[in-house]
Amino acid sequence: MVEKNRATLGGRLSAVLVAAGSAVGLGNIWRFPYIAGENGGGAFLIIYIGCILLLGIPVLLSEFAIGRHTHKNSVGAYRSLSKPWTPLGYNSVISSLLILGFYFVVSGWTLEYFTTSVSGAIAEFTSSAVNAEKFTAFTTNPLRPIICTILFALLTHIVIALGVQKGIERSSKLLMPVLFVMLIVLAVRSIMMPNGVDGLRFFFSPDFSKVTGKTFLDAMGQAFFSLSIGLGCMITYSSYFNDRTNLQKTAYNVIALDTLVAVLSGMVIFPAVFSVGIEPTAGPSLVFVTLPSIFNTMTFGPLWSALFFLLLILAALTSTISLHEVLTAYLHEERNLSRTKAAWVVTIVTTLLACASSLSLGAWSDFRICGLNLFDSLDFVTANILLPLGGFFTSIFAGWVLNRSILRDEVSDHGSMKCRLFGLLVMLLRYVCPALLLWIFLYNLGLFRL
Ligand code: PHE
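Mind the numbering: the sequence shown is residues 3 to 452 in the numbering used here, read in order.
This is the structure in structure tokens:
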């Protein structure tokens with residue numbers, strides 16, 4: 003039974019834009035280039051696209067089907083379909099909490115870089131060495147990044163408290179096209195930098211000698227993280243879809259947009275990396291060190307820089323909202339808190355975690371979990387373990403447990419999908435996704451090597 007005053011999204015375009023708003027974010031522009039850089043560039047791109055096709059499409063479609071059929075938050079959705087599977091809903095709650103624990107921190111960095119651009123101080127970011135030094139000084143500072151983190155969490159809170167749909171729907175429609183145009187302009191500028199073509203070569207010509215089992219784990223983790231799947235985020239969002247939304251088209255559009263933004267980001271970052279002589283393996287600082295170098299070669303550099311970081315803020319914001327919404331919807335619908343109270347609880351708890359993870363880069367860096375600081379462990383545990391595990395069980399649930407007619411009805415929008423394609427989807431969900439995910443896991447635990 004659909005709750006009477008539960009929000010629903012307007013038209014088909016809104017569904018695509020809202021889901022793409024969740025998918026397109028720091029994962030594409032900040033995380034993808036540095037993970038690809040650490041894993042040999044082009045070879046990673048191919049494996050990543052393979053993961054999107056074989057794992058991303060089936061899992062995303064399943065989440066859409068589960069969400070729209072039940073019109074409930076992720077815990078409520080699994081509980082109403084099959085009680086023993088409720089823990090899968092809790093995996094979504096825990097994963098969203100842990101992701102926000104580091105995502106708010108990086109989002110806060112984008113705020114800092116935006117203000118640095120607006121004030122013109124970005125002009126002092128003159129070389130890769132200087133940029134790297136400034137980045138480290140900022141992120142290890144005990145106060146400034148925390149203030150930025152809190153501000154970003156409050157920004158997210160305001161949108162959630164206002165009611166997501168109107169603000170997000172409208173801003174997504176305006177911002178997504180602007181984001182594309184910006185990325186294309188920056189990619190062209192970046193490729194024109196000295197040695198820029200070497201960067202493109204690194205990104206597009208695969209060197210499989212760099213591929214290890216970890217590359218597969220990273221590609222799979224990145225695919226889940228970037229598409230916002232494996233943690234019920236898309237279940238929560240699709241619970242707001244109406245019956246006219248075409249689930250397949252929405253899924254394909256979201257995947258195409260998300261992959262395009264990741265590829266364009268690679269085309270911005272790698273030419274710049276090779277031009278300013280940074281190692282492509284530099285890790286999480288990669289974007290924050292290379293981009294100021296591109297901007298400083300441009301006329302009106304600070305202006306471009308401000309515009310870019312503004313877009314990064316907005317891309318991050320539409321993602322933090324979706325993560326926040328998973329938690330708020332859960333507390334509101336399952337724990338009977340008012341929406342306002344639920345939103346505050348989520349904001350306070352996630353901000354505290356994010357502050358701790360920010361401190362783990364500086365003052366608290368001695369505190370380690372399996373050799374990683376808190377920030378890195380939150381990233382690793384969610385992207386490389388919890389989301390793929392969520393994806394594993396989601397595909398088993400959709401392939402083996404969920405009533406076949408529900409899946410077919412939803413995915414085919416009540417009968418419009420060709421039978422052969424549906425058979426392929428079921429086969430992927432039943433056999434291919436679980437087997438592939440299991441193999442990648444076991445391989446990385448050193449248990450199963452071909
Ligand atoms: N997909 C988002 C990004 O690429 C991050 C995210 C992950 C958002 C999981 C929601 C859920 O930045």
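No residue lacks a Cβ here, since even glycine has one placed at the ideal position from N, Cα and C.
> Taking the alpha-carbon positions, what's the E412 to A318 distance?
Replying inline: Position 410 of the sequence shown holds residue 412. Position 316 of the sequence shown holds residue 318. Looking at the two C-alpha atoms, the distance is approximately 30 Å.
>> Taking 9 Å as the threshold (C-beta atoms), are G201 and P294 in contact?
In response: The count along the sequence shown starts at 1 and reaches residue 294 at position 292. The count along the sequence shown starts at 1 and reaches residue 201 at position 199. Taking 9 Å as the Cβ cut-off, P294 and G201 do not qualify as a contacting pair.
>> Can you tell me whether S16 is buried or exposed? The criterion is at least 16 other CB atoms within 10 Å of its CB, across all chains shown.
In response: Within the sequence shown, numbered from 1, the residue matching residue 16 stands at position 14. The residue in question, S16, is buried, as its Cβ has 16 or more Cβ neighbours within 10 Å.
> Going by alpha carbons, who is nearest to G103 out of F443, C372, S362?
Replying inline: For the purposes of this step, residue 103 is taken as the residue at position 101 of the sequence shown. Nearest option by C-alpha distance: S362.
>> Using a Cβ-based criterion (distance less than 8 Å to any ligand heavy atom), does N255 qualify as near the ligand PHE?
In response: Position 253 of the sequence shown, counted from the first residue, corresponds to residue 255. Outside the cutoff, so no.
> Which value, in whole angstroms, describes the spacing of the CA atoms of T255 and G215?
Replying inline: Taking the sequence shown and counting its residues from 1, the one referred to as residue 255 is at position 253. Taking the sequence shown and counting its residues from 1, the one referred to as residue 215 is at position 213. The identity of residue 255 in the sequence shown is Asn, whereas the question assumes Thr. One C-alpha to the other measures close to 30 Å.
> With DSSP run on the structure shown, which of helix, strand or coil describes L447?
Replying inline: On the sequence shown, residue 447 is found 445 positions in, with the first residue counted as 1. Coil.
>> Residues around the ligand PHE, please: the ones whose beta-carbon is closer than 6 Å to some heavy atom of it, in chain order.
In response: S24, A25, G27, L28, G29, N30, I101, F227, S228, S230, L233, C235, S321, S324, L325
>> Give me, in chain order, the residues of the same chain whose beta-carbon lies closer than 6 Å to that of L431; leave out the 5 immediate sequence neighbours on both sides.
In response: To locate residue 431, count along the sequence shown from 1; it is residue 429. Only P60, S397, A400, G401 meet the Cβ criterion.
> Helix or strand or just coil, what does DSSP make of I231?
Replying inline: The residue you call residue 231 lines up with position 229 of the sequence shown. The answer is coil: DSSP assigns I231 none of H, G, I, E or B.
> Excluding five sequence neighbours on each side, which residues of the same chain lie with their C-beta closer than 6 Å to the C-beta of F2?
Replying inline: With the chain covering only 3 through 452, there is no way to say anything about residue 2.
>> Given this structure, state the Cα-to-Cα distance separating L181 from S230, to the nearest angstrom.
In response: Here residue 181 is taken as the residue at index 179 of the sequence shown, counted from 1. Here residue 230 is taken as the residue at index 228 of the sequence shown, counted from 1. Cα to Cα, the separation comes out at about 19 Å.
>> Whole angstroms are fine: how far does the CA of G43 sit from the CA of L56?
In response: Counting from 1 along the sequence shown, the entry for residue 56 is found at position 54. Counting from 1 along the sequence shown, the entry for residue 43 is found at position 41. L56 and G43: Cα-Cα distance of roughly 20 Å.
>> The alpha helix (DSSP H) that contains F297, what's its start and end?
In response: Here residue 297 corresponds to residue number 295 of the sequence shown, with the count starting at 1. Unbroken alpha helix (DSSP H) run through F297: 288-297.
> Is the beta carbon of Y332 less than 9 Å from the beta carbon of A344?
Replying inline: Stepping through the sequence shown from its first residue, residue 332 is reached at position 330. Stepping through the sequence shown from its first residue, residue 344 is reached at position 342. Contact flag set, yes.
> Apart from the five residues on each side of it in sequence, which residues of its chain come closer than 6 Å, Cβ to Cβ, to A67?
Replying inline: Here residue 67 corresponds to residue number 65 of the sequence shown, with the count starting at 1. Closer than 6 Å at the Cβ level, and outside the excluded window around A67, lie L409, E412, V413.
> Under the three-state reduction of DSSP, which class applies to I323: helix, strand or coil?
Replying inline: Position 321 of the sequence shown holds residue 323. Helix at I323.
> Considering only residues of the same chain and omitting the five flanking positions on each side of K74, which have a CB-CB separation below 7 Å?
Replying inline: To locate residue 74, count along the sequence shown from 1; it is residue 72. These residues qualify, in order along the chain: S82, S241, E335.
>> Does L11 pass the burial test, meaning 16 or more other C-beta atoms within 10 Å, or should it be called exposed?
In response: Within the sequence shown, numbered from 1, the residue matching residue 11 stands at position 9. With 16 or more other Cβ atoms within 10 Å, it is buried.
> For R422, does the count of other Cβ atoms within 10 angstroms reach 16, so buried, or fall short, so exposed?
Replying inline: Numbered from 1 along the sequence shown, position 420 holds the residue referred to as residue 422. R422 should be labelled exposed.
> What is the DSSP secondary structure of L374, counted as helix, strand or coil?
Replying inline: As a position in the sequence shown, residue 374 is number 372, starting the count at 1. Three-state result, L374: strand.
>> At the level of alpha carbons, what is the spacing between F46 and L339?
In response: As a working mapping, residue 46 is identified with position 44 in the sequence shown. As a working mapping, residue 339 is identified with position 337 in the sequence shown. For F46 and L339, the distance between alpha carbons rounds to 44 Å.
> Anyone know if the C-beta pair for Y105 and S321 falls short of 9 Å?
Replying inline: For the purposes of this step, residue 105 is identified with residue 103 of the sequence shown, where counting begins at 1. For the purposes of this step, residue 321 is identified with residue 319 of the sequence shown, where counting begins at 1. Result yes, Cβ atoms of Y105 and S321 sit closer than 9 Å.
> Are the stretch 151-164 and the stretch 277-288 touching, with three or more C-beta to C-beta distances below 8 Å?
Replying inline: no
> Tell me which same chain residues have a C-beta within less than 6 Å of the C-beta of L452, skipping the five on either side of it?
Replying inline: Mapped onto the sequence shown, residue 452 falls at position 450. The predicted model places L452 with a pLDDT of 47, which falls under 50 and marks its position as unreliable, so this point remains unresolved.
>> Could you tell me the alpha carbon to alpha carbon distance between L376 and L389, rounded to whole angstroms?
In response: Counting from 1 along the sequence shown, the entry for residue 376 is found at position 374. Counting from 1 along the sequence shown, the entry for residue 389 is found at position 387. C-alpha separation (whole angstroms): 18 Å.
> Going straight from the alpha carbon of T252 to that of S94, what length do you get?
Replying inline: On the sequence shown, residue 252 is found 250 positions in, with the first residue counted as 1. On the sequence shown, residue 94 is found 92 positions in, with the first residue counted as 1. Spanning the two alpha carbons is a distance of roughly 22 Å.
>> Check this for me: beta carbons of W32 and L288, under 9 Å apart or not?
In response: Here residue 32 refers to the residue found at position 30 when the sequence shown is read from its first residue. Here residue 288 refers to the residue found at position 286 when the sequence shown is read from its first residue. A contact, by the Cβ cut-off of 9 Å.
> So what's T10 in DSSP terms, helix, strand or just coil?
Replying inline: By one-based count along the sequence shown, residue 10 stands at place 8. T10: coil per DSSP, three-state reduction.
>> Taking 7 Å as the limit between beta carbons, can you name the residues of its chain near S119, skipping five residues before and five after?
In response: Mapped onto the sequence shown, residue 119 falls at position 117. Counting only Cβ-Cβ distances below 7 Å, and skipping sequence neighbours, we find P304, S307, A308, F311.
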